[in-house]
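Heads up: the protein sequence lines correspond to chains U and X, in order.
Count along the first sequence from 1, add 12, and you get the number used in our numbering.
Count along the second sequence from 1, add 462, and you get the number used in our numbering.
Everything below concerns the one structure shown next.
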Amino acid sequence: MFEAPFMVRAFAELALLALICGPVSVFVFARRLSFVADALTHTVFPGVVIGFAAAGAEGIFGGALVAGVLTAVALTLLTRAGLLSDDAATAVVLTAMFSVGVALVSRRSSYTSDLTTFLFGRILTVTPRQLAETAVLAVVILALVAVGARAWIFRAFDPTGSAAAGFRTTWLDLWLNLVVALVVVAAVRAVGTVLVIALLVVPAAAARTVTDRLPAMAALGTVLTLLAGYAGLWVSWTASIDYGVRLTSATAVVLILVLAYAVLLPVGRLRAKTVGRAKTVGQAR
Amino acid sequence: MRWAIAEAVLAGALAGLIGVHVVLRRLSFFTMALTHATFPGVVAAAIIGVHIYLGGALAGVLVACGVAALSRRRGQDAAAATGVILSAGFALGVGLVATQNGFSRDLSSFLVGSILTVGPQDVTVTAVVLGVVAVVLAVGGRSFVFAGFDPTGARAAGYRLGLVDLTLLVTIELVIVTVVPAVGTILALALIVAPAAAARLWSDRLAVITALSVGFGVASGLAGLLLSGRYDIAAGAAITLVAAAILVLSLAATRIPRPAVAA
Numbered sequence: 013m014f015e016a017p018f019m020v021r022a023f024a025e026l027a028l029l030a031l032i033c034g035p036v037s038v039f040v041f042a043r044r045l046s047f048v049a050d051a052l053t054h055t056v057f058p059g060v061v062i063g064f065a066a067a068g069a070e071g072i073f074g075g076a077l078v079a080g081v082l083t084a085v086a087l088t089l090l091t092r093a094g095l096l097s098d099d100a101a102t103a104v105v106l107t108a109m110f111s112v113g114v115a116l117v118s119r120r121s122s123y124t125s126d127l128t129t130f131l132f133g134r135i136l137t138v139t140p141r142q143l144a145e146t147a148v149l150a151v152v153i154l155a156l157v158a159v160g161a162r163a164w165i166f167r168a169f170d171p172t173g174s175a176a177a178g179f180r181t182t183w184l185d186l187w188l189n190l191v192v193a194l195v196v197v198a199a200v201r202a203v204g205t206v207l208v209i210a211l212l213v214v215p216a217a218a219a220r221t222v223t224d225r226l227p228a229m230a231a232l233g234t235v236l237t238l239l240a241g242y243a244g245l246w247v248s249w250t251a252s253i254d255y256g257v258r259l260t261s262a263t264a265v266v267l268i269l270v271l272a273y274a275v276l277l278p279v280g281r282l283r284a285k286t287v288g289r290a291k292t293v294g295q296a297r
Numbered sequence: 463m464r465w466a467i468a469e470a471v472l473a474g475a476l477a478g479l480i481g482v483h484v485v486l487r488r489l490s491f492f493t494m495a496l497t498h499a500t501f502p503g504v505v506a507a508a509i510i511g512v513h514i515y516l517g518g519a520l521a522g523v524l525v526a527c528g529v530a531a532l533s534r535r536r537g538q539d540a541a542a543a544t545g546v547i548l549s550a551g552f553a554l555g556v557g558l559v560a561t562q563n564g565f566s567r568d569l570s571s572f573l574v575g576s577i578l579t580v581g582p583q584d585v586t587v588t589a590v591v592l593g594v595v596a597v598v599l600a601v602g603g604r605s606f607v608f609a610g611f612d613p614t615g616a617r618a619a620g621y622r623l624g625l626v627d628l629t630l631l632v633t634i635e636l637v638i639v640t641v642v643p644a645v646g647t648i649l650a651l652a653l654i655v656a657p658a659a660a661a662r663l664w665s666d667r668l669a670v671i672t673a674l675s676v677g678f679g680v681a682s683g684l685a686g687l688l689l690s691g692r693y694d695i696a697a698g699a700a701i702t703l704v705a706a707a708i709l710v711l712s713l714a715a716t717r718i719p720r721p722a723v724a725a
């Protein structure tokens with residue numbers, strides 16, 4: 013399938029995303045931020061709409077960035093104040109921001125096609141320019157992760173200890189939320205919401221079944237995502253070309269990633285039996 | 463339009479009723495996963511030609527069992543398991559729709575609903591489910607709260623926890639399957655969580671919270687429909703924004719008398 017140049021670009025984009033999603037998903041897993049990640053994929057939508065209305069296709073990136081950062085700040089503040097429980101606050105921010113986007117879009121004519129693009133992304137029409145943007149963001153994200161990693165781990169597994177050691181919990185949380193927001197912004201236009209949420213949650217959860225060391229989880233997550241990306245593109249290509257079944261690439265990638273998770277579950281259980289009762293890392297609040 | 467108003471009132475009341483328990487038990491993410499994972503069931507049912515409520519209900523039961531089973535595995539907690547199930551269900555549903563013709567129309571109505579096009583049948587179903595859920599909560603409300611706040615005590619008092627939890631999850635599932643085809647996933651989540659979270663700020667007593675929550679839900683539905691007609695924006699989005707505005711106003715109003723609590 014790689015005789016088609018657009019498939020090469022699609023795979024390159026997925027490879028870049030695999031590189032950042034492996035490490036980031038480990039922290040999403042350890043801090044139980046699945047719902048926050050899900051919320052962020054929805055809340056960048058109004059930013060995408062406003063950016064597109066203001067400056068055309070060039071504005072999408074900036075709009076999504078602003079909306080993502082706003083959400084990260086709002087979520088951090090709402091959960092810190094402790095007036096609402098985390099999940100209720102997240103649900104309200106998610107639905108309210110998404111509705112702003114829908115309300116804006118519903119006043120324009122090409123309503124449904126915009127929503128569809130937002131769901132699926134346009135991985136097969138990724139341009140070299142978009143690839144370059146993703147690459148730059150990937151470097152920025154990996155740098156931010158490298159700086160924050162140790163403090164995040166400390167905060168995840170021993171919140172009281174890290175606060176006593178002088179780490180500012182709120183700033184660490186905000187920092188992590190911002191990194192997740194950046195990943196969403198980097199990925200959402202190319203691969204759509206369906207795939208972004210899967211990329212942020214599934215790699216670490218799958219890797220966790222076979223290892224409890226964080227660096228190994230990150231590496232394994234990246235490898236799994238790479239394999240799923242390749243296999244997903246191949247399946248959707250074969251289904252469309254040879255069998256005439258319209259299978260979107262993003263969907264195929266997600267389903268294969270989840271399949272990998274399902275296959276790894278029993279493997280992990282076998283390993284747990286042989287190793288004995290390993291200590292349960294990953295359970296810290 | 464008359465049916466839309468009836469559906470908005472009934473859905474608001476239904477969501478407000480169950481929302482109290484969703485908020486107290488912190489099941490928002492689970493609710494979100496249910497709305498997304500019910501989707502492939504609905505689509506598959508539509509393709510095969512079975513009634514869509516049946517397909518949705520079946521998928522929902524599978525999801526509830528899946529999350530419960532996965533989160534019991536070593537090292538997998540409920541949040542990660544819910545996330546995995548959510549992505550799988552969402553991708554499956556979206557993939558199924560994409561193989562059909564004219565799918566973008568269906569997708570957007572799945573997300574934001576089409577409350578303006580509900581018919582007498584939808585309204586009847588919603589009304590019946592509202593009755594059933596009201597009865598279940600009237601009978602089991604106390605044990606749900608007991609099991610939620612003090613599982614050990616509830617077990618000691620002779621409640622069967624597994625049964626209580628399962629009843630609650632199935633009730634939530636029933637509400638979602640009823641509401642999502644008419645009003646969409648985002649609106650369903652907003653109507654379930656926002657009014658109840660707002661009501662929770664005003665009181666600590668279950669009866670008061672429930673009454674307020676139902677009131678807020680109905681008010682959001684009516685006000686949202688009104689705004690949507692006047693300013694020509696999508697009805698589901700308008701209702702969601704009103705529900706969120708009620709929560710923000712409640713936050714502001716309940717914080718004024720007690721500034722010492724502020725963080």
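Think of the CB as a built atom: it goes at the ideal place given N, C-alpha and C, for glycine as much as any other residue.
Every value quoted in this text rests on a predicted model; they were computed, and no experiment measured them.
Distance, residue j Cα to residue i Cα
{"i": "G305 (chain U)", "j": "T205 (chain U)", "result": "Residue numbering for chain U in the displayed model covers 13 to 297; residue 305 (chain U) lies beyond these limits and cannot be assessed."}
{"i": "I514 (chain X)", "j": "L226 (chain U)", "result": "43 angstroms"}
{"i": "G683 (chain X)", "j": "S97 (chain U)", "result": "24 angstroms"}
{"i": "M463 (chain X)", "j": "S37 (chain U)", "result": "46 angstroms"}
{"i": "I165 (chain U)", "j": "V601 (chain X)", "result": "45 angstroms"}
{"i": "A656 (chain X)", "j": "G624 (chain X)", "result": "27 angstroms"}
{"i": "V670 (chain X)", "j": "I253 (chain U)", "result": "60 angstroms"}
{"i": "L520 (chain X)", "j": "A176 (chain U)", "result": "49 angstroms"}
{"i": "S605 (chain X)", "j": "T579 (chain X)", "result": "38 angstroms"}
{"i": "A251 (chain U)", "j": "L259 (chain U)", "result": "7 angstroms"}
{"i": "T716 (chain X)", "j": "A659 (chain X)", "result": "12 angstroms"}
{"i": "G173 (chain U)", "j": "L184 (chain U)", "result": "14 angstroms"}
{"i": "V138 (chain U)", "j": "G478 (chain X)", "result": "43 angstroms"}
{"i": "A470 (chain X)", "j": "V704 (chain X)", "result": "13 angstroms"}
{"i": "E2 (chain U)", "j": "A616 (chain X)", "result": "In the structure as shown, chain U begins at 13 and stops at 297. Residue 2 (chain U) is therefore absent and cannot be evaluated."}
{"i": "R622 (chain X)", "j": "A609 (chain X)", "result": "9 angstroms"}
{"i": "I654 (chain X)", "j": "G603 (chain X)", "result": "16 angstroms"}
Test item: CB-CB of residue i and residue j under 8 angstroms
{"i": "A42 (chain U)", "j": "A168 (chain U)", "result": "yes"}
{"i": "H54 (chain U)", "j": "M109 (chain U)", "result": "yes"}
{"i": "L554 (chain X)", "j": "P502 (chain X)", "result": "yes"}
{"i": "V266 (chain U)", "j": "L207 (chain U)", "result": "yes"}
Where residue i falls, given that 16 or more other Cβ within 10 Å makes a residue buried
{"i": "C527 (chain X)", "result": "exposed"}
{"i": "E25 (chain U)", "result": "buried"}
{"i": "R487 (chain X)", "result": "buried"}
{"i": "A475 (chain X)", "result": "buried"}
{"i": "E635 (chain X)", "result": "buried"}
{"i": "F611 (chain X)", "result": "exposed"}
{"i": "W249 (chain U)", "result": "buried"}
{"i": "D666 (chain X)", "result": "exposed"}
{"i": "E15 (chain U)", "result": "exposed"}
{"i": "I480 (chain X)", "result": "buried"}
{"i": "I209 (chain U)", "result": "buried"}
Distance between beta carbons of residue j and residue i, contact taken as under 8 angstroms
{"i": "I32 (chain U)", "j": "I135 (chain U)", "result": "About 16 angstroms; that fails the 8 angstroms criterion."}
{"i": "A76 (chain U)", "j": "V197 (chain U)", "result": "5 angstroms"}
{"i": "A644 (chain X)", "j": "I577 (chain X)", "result": "6 angstroms"}
{"i": "I62 (chain U)", "j": "L116 (chain U)", "result": "7 angstroms"}
{"i": "T88 (chain U)", "j": "L156 (chain U)", "result": "With 8 angstroms as the limit, T88 (chain U) and L156 (chain U) do not qualify as a contact, their Cβ atoms being about 15 angstroms apart."}
{"i": "G113 (chain U)", "j": "P58 (chain U)", "result": "4 angstroms"}
{"i": "T544 (chain X)", "j": "V529 (chain X)", "result": "5 angstroms"}
{"i": "L631 (chain X)", "j": "H483 (chain X)", "result": "Actually they are not in contact, since the Cβ atoms of L631 (chain X) and H483 (chain X) sit about 10 angstroms apart, beyond 8 angstroms."}
{"i": "A697 (chain X)", "j": "S690 (chain X)", "result": "4 angstroms"}
{"i": "I708 (chain X)", "j": "L687 (chain X)", "result": "Actually they are not in contact, since the Cβ atoms of I708 (chain X) and L687 (chain X) sit about 15 angstroms apart, beyond 8 angstroms."}
{"i": "T91 (chain U)", "j": "A79 (chain U)", "result": "Not a contact, Cβ separation roughly 18 angstroms."}
Test: residue i CB closer than 8 angstroms to a CB of chain X
{"i": "D185 (chain U)", "result": "no"}
{"i": "A150 (chain U)", "result": "no"}
{"i": "F47 (chain U)", "result": "yes"}
{"i": "S252 (chain U)", "result": "no"}
{"i": "I209 (chain U)", "result": "yes"}
Short CB-CB distance (under 8 angstroms) between residue i and chain U
{"i": "D666 (chain X)", "result": "no"}
{"i": "F611 (chain X)", "result": "no"}
{"i": "G545 (chain X)", "result": "yes"}
{"i": "A722 (chain X)", "result": "Per-residue confidence for A722 (chain X) stands at a pLDDT of 49, beneath the threshold of 50, marking its modelled position as unreliable; the derived number appears in the next sentence. Judged by the 8 angstroms Cβ criterion, A722 (chain X) is not in contact with chain U."}
{"i": "M494 (chain X)", "result": "yes"}
{"i": "F501 (chain X)", "result": "no"}
{"i": "R488 (chain X)", "result": "yes"}
{"i": "F491 (chain X)", "result": "yes"}
{"i": "G557 (chain X)", "result": "yes"}
{"i": "V655 (chain X)", "result": "yes"}
{"i": "T561 (chain X)", "result": "yes"}
Minimum Cβ-Cβ distance from residue i to chain C less than 8 angstroms
{"i": "V206 (chain U)", "result": "In the structure shown, chain C does not exist; the protein chains are U and X."}
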